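Working notes, structure below.
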Amino acid sequence: MDYMKQALSLAKLALGQVSPNPAVGAVVVKGGEVVGQGYTQPPGSWHAEIM
């Protein structure tokens with residue numbers, strides 16, 4: 003799976019749970035290896051890039 007598809011799949015996990023924030027998925031890659039990933043948590047919690 004390419005990285006953008008992986009990020010979109012993660013974002014889908016946040017749908018319906020994070021309003022009014024956008025549903026965002028993030029994949030952190032270093033040297034071609036995924037070193038982190040996450041998605042937006044409910045309001046008042048972490049953003050995707052922090053997870």
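All you need for my numbering is the position in the sequence shown, starting with 1, plus 2.
Here a beta-carbon is modelled for each residue, glycine too, at the ideal position from N, C-alpha and C.
Nothing here was measured: the structure is a model prediction, and the numbers come from that model.
Reduced DSSP secondary structure (H/G/I, E/B, other) of residue i
| i | result |
| --- | --- |
| Gln8 | helix |
| Ala25 | coil |
C-beta contact flag for residue i and residue j at 8 Å
| i | j | result |
| --- | --- | --- |
| Gln8 | Val29 | yes |
| Ala25 | Gly40 | no |
| Val31 | Tyr5 | yes |
| Leu17 | Gly27 | no |
Residues that DSSP places opposite residue i in a beta bridge
| i | result |
| --- | --- |
| Gln43 | In DSSP, Gln43 forms no bridge with anything. |
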